[in-house]
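Inspection log for the structure reproduced underneath, given as structure tokens.
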Amino acid sequence: MKLDFEKPITKIEEKIEELRKMSEESGMDLSKEIENFEQQSHEYKKELYENLKPSQKLQIARHPNRPNFLDYINLITNDFVEMHGDREGTDDRAIIGGVAKIDDKPVMIVGTVKGKSTKENLVYNFGMPQPEGYRKALRLFEHANRFGLPIVTLIDTPGAYPGIKAEEHGQGIAIAVNLKEMAKLEVPVIAIITGEGCSGGALGLAVANKVLVLEHAYYTVISPEGCASILWRDATKAPEAAEALKITGPDLLKYNIIDGIVKEPLGGAHYDYEAMGEELKKEILKAIDEYKDMTPQQLKDDRYNKFRRMGVFNA
Amino acid sequence: MKLDFEKPITKIEEKIEELRKMSEESGMDLSKEIENFEQQSHEYKKELYENLKPSQKLQIARHPNRPNFLDYINLITNDFVEMHGDREGTDDRAIIGGVAKIDDKPVMIVGTVKGKSTKENLVYNFGMPQPEGYRKALRLFEHANRFGLPIVTLIDTPGAYPGIKAEEHGQGIAIAVNLKEMAKLEVPVIAIITGEGCSGGALGLAVANKVLVLEHAYYTVISPEGCASILWRDATKAPEAAEALKITGPDLLKYNIIDGIVKEPLGGAHYDYEAMGEELKKEILKAIDEYKDMTPQQLKDDRYNKFRRMGVFNA
Amino acid sequence: MTLKDWFETRKEEQIAARPVDPKIDDYVGKLWVKCFNCNAQLPRKELEHHMMVCPECGYHFRINARTRIAQLFDEGTFEEYFANISPADPLEFVDTEPYTQRQQSAKEKTNLNDAVITGIGKVEGEEIACAVMDFEYMGGSMGSVVGEKVTRIIEEALAKKLPVVTVTASGGARMQESALSLMQMAKTSCAVAKLNDAKLLYINILTDPTYGGVTASFGTIGDIIIAEQGARIGFAGRRVIEQTIRQKLPADFQTAEYLMKHGQIDMIAKRSELKSLLAKILRLHKHQ
Amino acid sequence: MTLKDWFETRKEEQIAARPVDPKIDDYVGKLWVKCFNCNAQLPRKELEHHMMVCPECGYHFRINARTRIAQLFDEGTFEEYFANISPADPLEFVDTEPYTQRQQSAKEKTNLNDAVITGIGKVEGEEIACAVMDFEYMGGSMGSVVGEKVTRIIEEALAKKLPVVTVTASGGARMQESALSLMQMAKTSCAVAKLNDAKLLYINILTDPTYGGVTASFGTIGDIIIAEQGARIGFAGRRVIEQTIRQKLPADFQTAEYLMKHGQIDMIAKRSELKSLLAKILRLHKHQ
Ligand SMILES: [Zn+2]
Ligand SMILES: [Zn+2]
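Chains as they are written, first to last, in my numbering: chain A, 322 to 636; chain B, 322 to 636; chain C, 1068 to 1355; chain D, 1068 to 1355.
What follows is the structure, given as structure tokens:
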């Protein structure tokens, strides 16, 4: 699936394809022309993807072929052993986690899961966790804490699920408890926003020592659509809201919300799973390594101080 | 409601009443005879209640007028503030608890609740907790632990509820977690079996430094009826099972299952709520006082060693 | 239909019929106030005498932070902290109106710098650190100032070994500060973690309405959670949920009673009982 | 009815049709064994070669503790501990038969002193302390001996800093020891609390059937809980629940799959995968 703003690329690529065919059919040597066009195409792409508007990045972040948590498990870990359930009645499939190795390092890896088809999305609830999902995550965090395993979270969620059962079972409390208990963890916590990082539903897995976002991912207090319909009273103003909310990597870095941006393959992660996996794995290992000599108290202080500094006000 | 084996007393009391009437109507002085009968009645009662068979004590323990947890709250505490809910979707009414003062001592008091009418029993589920009840109890125990409040549990339950939702939500795990987490508590824990103390459902609130049972209460791994229908394959053999299971105070003391017996008013707690309350309060205060100088570690060790010693085997 | 059923239905209709956002300034300055619930015409003086609770039906009017503080604290004991902290506009946010202008209007309306007052005072003689939110300042939304003041008062309590009480009233996040607003959830919750470690009592009082980012952070991780009678409390708003699940919600959805039934709060208190209940709880945890 | 529906119905019928208590000794000594699930006639040798799992349908036959140990541990590495501890009869319990006589029969049938074997051995080279229950000894019921041996092997693990693995198969409490049996739940769970404090890994493997007092104590408080495929696991038995709620239970009630769906176990493993899975988990927790 090509996105709207990718249409010019498609046109160039069609032209190249046409040239190739002509060359074959006629026996003419058009290799120079083709090379030229390809060069142009590459440069065009680079410029295009480096200058995307927030609303365009949003489309990449939400692309249906974007690698999901299960893809990353395959791409960057081995020996993954999934740990199911909250031990209290529910195994929320919107949050999956377990122990695994990244290279030779055992870690606890936990993430939200989006499906790639309607059928899958019914299973994973479009990556929108119930309170029970956050409680499962906390169980796994505490397991990691007991056994000294660094925690890696991969976040791609439009938010915590807004439903009747979710409210009845304490969606707010479940997230709040995670924020508080993550503050107490005595192991390194690395959170990566891989796609959508929307509101408290994302933050509930992201009270980390290091927070990274992928190049085309976004992190915000509310979806641009939600913001537009509340503040502009007009959901079609979502692109303006996306702009105003400053939700992409460079802005998040500027306001000290995140610690770094993970490069994506040209055009976005869905164009090259392997390359994306390699890059992500490298960044995770680098981050874990950074914390390897910290004491439990230092890790807690590091996390506290990081969030303590956030906010801009006059005093 | 008088119990079967109390019929002889009823007869004597009727006779006394008759004499009184005769005396009034006739103007005759029968006070000596009446006093004599009353003396006899008292002695008879004493002998009767001190020599009850287990199956008879069982009837007292299950008497519908027996004081329940809410009665004891009224009788022995003041400033009770109930703390509702498991923070996860449920406020199981079969287990109630909160902070209160006993005399001037702040405590956390938690207990199972039986209703006294069909309507009440629908609310309290006949004193049979769901997993969520045990989780609420654990939340309160951990609260007490954080704030240094001694914990008092009052137990009167035919067991944890055997139902579909209970199984789905982890009845076994909920009880098991309580056993394990109660072992870690750093405050004194006093458990009193006030009526029925049946199986894991009772034990889930009773991993205590001191375990007391009321004089006519019982504590067992399975109800005599359940035991009879499994081992004798005949539920009518419950009295034999009650005998064989050694479920009453003196036997429990002999096998070091409990630490003491709390005297009940003559005939059982339901004959005199005030007196029962006074006695229970005295015993609880005495027990709390015993532990007041122990360090957290000593309290944990005391509890561990107590249960560690339980069991009889050849080696 | 039995009488009881009829009564329940009527009650739910009444609850459902309540305006979702009764504003405080609807009645400010008026001599007579109409009860939102029972429509009684009430002399303003009498209503104030009853702590802004309808003497006819018990309906709890929303009150602002200053009124709340006057009701909760022993007279003259509340000392405000961090009053000078005021909002910035780091994102230079403009929707239908610039953020700075919204700040200005809110300040004029409430005479506050932002949506929370923090300080230390006494409740029946018991000293506590406290954060009281004000719904009238931009819907009690949590931005950098709310997060900072809540965190600072908790840190003050840690230094002075005081219990902490929050009184929340919030529509959720301050969208105009985007991720900076979101991070206040983490910041305040991390501060509460320190209260846990220090074994200092932390009590949440939830008042009407408490939603979104406050519900999902410092607002609901108290050792004890009290909801004021009549409060609506939730994570997601009714409209968002109705749009998502495409069905009507029960009338009592997200009421204090509903939350209690679903095990999320420890207790419900009438406004008139709140102070003595709070004092009682503080005393029960004071013996150490 | 779609094919999928039909299949689901068939599956549930098959599950429901399984005998509730297939005894191990039903097939001991026979040259041909009939699968309880698919009725296939299987040569005993072949079945043993497949770890007592039906090669036709995957049905997991119940196995005893010795067989389990042979399957799980590296050959020759398992050293038994506390084998000499044997049951007493403190209550002098007699139902339709004296307890002592039941002990005697069970011992003759199983060649065990009680329903658990404890020891230390290696799984793909990883050293663990282990308690393996035997359902054939009085239905794997937990009395003083089971409680004592489980507690001792945990204390041994604490001293030697070893992970602990339990393999349970139990109908519940040993009624003949009444409250003494009940107290083993507390005793073993208190020992597990010490494993937590010592940060030693504790793994539960639940096999068919695991019920009652074992489910409600040391059997389900592992850091990781694995259910063997086909296991039925619960607190209360089906019959007790059916009597209480007066309705039929779903066919898959209390199966491993059912427990997984309801979030109570971490994973399900086929018998053939169990050893390598266990070793993998042990290695993932070994780095410290
Ligand atoms: Zn009114
Ligand atoms: Zn078969």
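Idealized CB from N, CA, C, for every residue including glycine. This structure is a prediction, so every number in the text was calculated from the model and none was measured.
Chain-ordered chain C contacts of residue i [CB-CB under 9 Å]
i: Phe390/B; result: What Phe390/B touches in chain C: nothing, since even the nearest Cβ is about 17 Å away.
i: Ile485/A; result: Ile1308, Ile1312, Gln1314, Leu1316, Pro1317, Phe1320
Local conformation of residue i per DSSP, three classes
i: Lys613/B; result: coil
i: Cys548/B; result: helix
i: Arg1299/C; result: strand
i: Ala1236/D; result: strand
i: Glu1038/C; result: This structure cannot speak to residue 1038/C, because chain C is shown only from 1068 to 1355.
i: Ile1335/C; result: strand
i: Arg1077/D; result: Note that Arg1077/D scores a pLDDT of 49, beneath 50, so its modelled location is shaky; the value from the coordinates is reported in the next line. If DSSP states are grouped into helix, strand and coil, Arg1077/D belongs with the helices.
i: His1127/D; result: strand
i: Glu1203/D; result: coil
i: Ser352/B; result: helix
i: Val434/A; result: coil
i: Ala1084/D; result: In this predicted model, Ala1084/D has a pLDDT of only 45, less than 50, meaning its place in the structure is not dependable; the value taken from the coordinates is given anyway. Ala1084/D: helix per DSSP, three-state reduction.
i: Glu346/A; result: helix
i: Thr515/A; result: strand
i: Phe1320/C; result: coil
i: Val704/A; result: An answer regarding residue 704/A cannot be provided, because it is not within the stretch 322 to 636 covered by chain A.
i: Thr1185/C; result: strand
i: Met1068/D; result: Note that Met1068/D scores a pLDDT of 44, beneath 50, so its modelled location is shaky and nothing firm can be said.
i: Glu1147/D; result: strand
i: Phe401/B; result: strand
i: Ala421/A; result: strand
i: Pro388/A; result: coil
Partners in chain C for residue i, counting only beta-carbon separations shorter than 8 Å
i: Ser580/B; result: What sits at residue 580/B in the sequence shown is Asp, not Ser. Going along chain C, no residue has its Cβ under 8 Å from Asp580/B, so there is no contact; the nearest lies around 25 Å.
i: Met349/A; result: What Met349/A touches in chain C: nothing, since even the nearest Cβ is about 55 Å away.
i: Ile551/A; result: Met1242
i: Ser438/A; result: In chain order: nothing, as chain C lies at least about 20 Å away.
i: Asn635/A; result: Ile1152, Ser1153, Pro1154, Ala1155
Residue i: CB within 7 Å of a non-hydrogen atom of ligand 1
i: Tyr1278/D; result: no
Neighbour list for residue i in chain C, Cβ cutoff strictly below 7 Å
i: Ser544/A; result: The contacting residues do not exist; Ser544/A stays about 11 Å from chain C at best.
i: Met631/A; result: Leu1247, Met1250, Lys1254
i: Phe628/A; result: Met1250, Ala1253, Lys1254, Cys1257
i: Asp407/B; result: Gly1330
Residues that residue i contacts on chain B, provided the C-beta gap is smaller than 7 Å
i: Gly410/A; result: Glu489, His490, Gly491
Contact list for residue i against chain D, beta-carbon separation under 7 Å
i: Ile397/B; result: What Ile397/B touches in chain D: nothing, since even the nearest Cβ is about 26 Å away.
i: Ser376/B; result: Correct list: empty, because the minimum Cβ distance to chain D is about 15 Å.
Amino acids of chain B, ordered along the chain, whose beta-carbon sits closer than 8 Å to that of residue i
i: Gly1279/C; result: Here the premise fails: no neighbours, minimum Cβ distance about 18 Å.
Residues that residue i contacts on chain A, provided the C-beta gap is smaller than 8 Å
i: Ile496/B; result: Those do not exist, as Ile496/B stays about 12 Å from chain A at its closest Cβ, beyond 8 Å.
Amino acids of chain A, ordered along the chain, whose beta-carbon sits closer than 7 Å to that of residue i
i: Phe1160/C; result: Ala565
i: Thr1233/C; result: Correct list: empty, because the minimum Cβ distance to chain A is about 12 Å.
**Study point:** Residues passing the C-beta test against ligand 2 heavy atoms, cut-off 6 Å
**Key:** Cys1102/D, Asn1104/D, Cys1105/D, Ala1107/D, Cys1121/D, Glu1123/D, Cys1124/D, Tyr1126/D
Point to revise | Stretch-stretch touch, CB-based, cutoff 8 Å, three pairs: the region 528-547 of chain B with the region 618-630 of chain B | key: yes
Check your understanding: Three or more C-beta pairs closer than 8 Å, one from the region 1288-1305 of chain C and one from the region 1323-1331 of chain C: is that the case here?
Key -> yes
Review point. Should the region 1311-1320 of chain D be called in touch with the region 489-501 of chain A, which here means at least 3 C-beta pairs below 8 Å?
Key: no
Practice item. Kindly confirm or deny that the region 1169-1181 of chain D and the region 563-573 of chain B touch, where touching means at least three C-beta pairs closer than 8 Å. Key: no
Point to revise | Stretch pair the region 473-491 of chain A + the region 1245-1263 of chain C: three plus CB contacts closer than 8 Å | key: no
Exercise for review: Please confirm if the region 502-514 of chain B is in contact with the region 333-350 of chain B, defined as three or more CB-CB distances below 8 Å between the two stretches.
Suggested key: no
Check your understanding: Is it a yes or a no for the region 1185-1200 of chain C touching the region 1135-1151 of chain C, going by three-plus beta-carbon pairs under 8 Å?
Key -> yes
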